[in-house]
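Enquirer: Below you'll find the structure I mean.
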Amino acid sequence: MVLSSSGVKCEQLTQPASVSLQPGERLTITCQVSYSLGSYTAWIRQPAGKGLEWIGMKNTGASYYKDSLKNKFSIDLDSSNKRVTLNGENMQPEDSAVYFCARVTVTQTIINC
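Okay, so the sequence shown: first residue is 1 according to UniProt numbering, each after it adds one.
What follows is the structure, given as structure tokens:
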């Protein structure tokens, strides 16, 4: 028997429409959120014509990054203003992408045999 518990929550995340940079410049994108930053916020990017790439995620207690990107990107939290900022160093043309912020949620499935 499989039991699944799911719910629908509505959260608001707002980020700028676009950012233009020159090669070598620093990227800063801030995501304004409606929830407590005790929850993880993830950053994901999607280069044109390619799939999604997970950059990392952070909450008030911990952070995790994709190994190949951990020296390029960092995530900062401003808990009092509910802002999550992605910072990128030495941005290059190959870093051109749509960057998304997203709240990380966990779906729990209980399996009884």
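All residues carry an ideal CB built from backbone N, CA and C; glycine is no exception.
Keep in mind that this is a model prediction, so the values were computed, not measured.
Compute the distance between the beta-carbons of LEU52 and SER79, then report whether it is under 7 Å.
Expert: Position 52 of the sequence shown holds residue 52. Position 79 of the sequence shown holds residue 79. No, Cβ-Cβ distance for LEU52 and SER79 is not below 7 Å.
Enquirer: Inspect the CB distances between the region 84–103 and the region 27–37 and report whether three or more fall short of 8 Å.
Expert: Touching, per the Cβ criterion.
Enquirer: Using the Cα positions of ALA62 and ALA48, report the straight-line distance between them to the nearest angstrom.
Expert: On the sequence shown, residue 62 is found 62 positions in, with the first residue counted as 1. On the sequence shown, residue 48 is found 48 positions in, with the first residue counted as 1. Approximately 30 Å between the Cα atoms of the pair.
Enquirer: Measure the CB-CB distance between ARG103 and SER34 and report whether it falls below 7 Å.
Expert: As a working note, residue 103 is residue 103 in the sequence shown. As a working note, residue 34 is residue 34 in the sequence shown. In this structure, SER34 does not lie closer than 7 Å to ARG103 by Cβ.
Enquirer: How would you label THR41, buried or exposed, when you count the other beta carbons within 10 angstroms and need 16 or more for buried?
Expert: The residue given as residue 41 occupies position 41 in the sequence shown. Buried.
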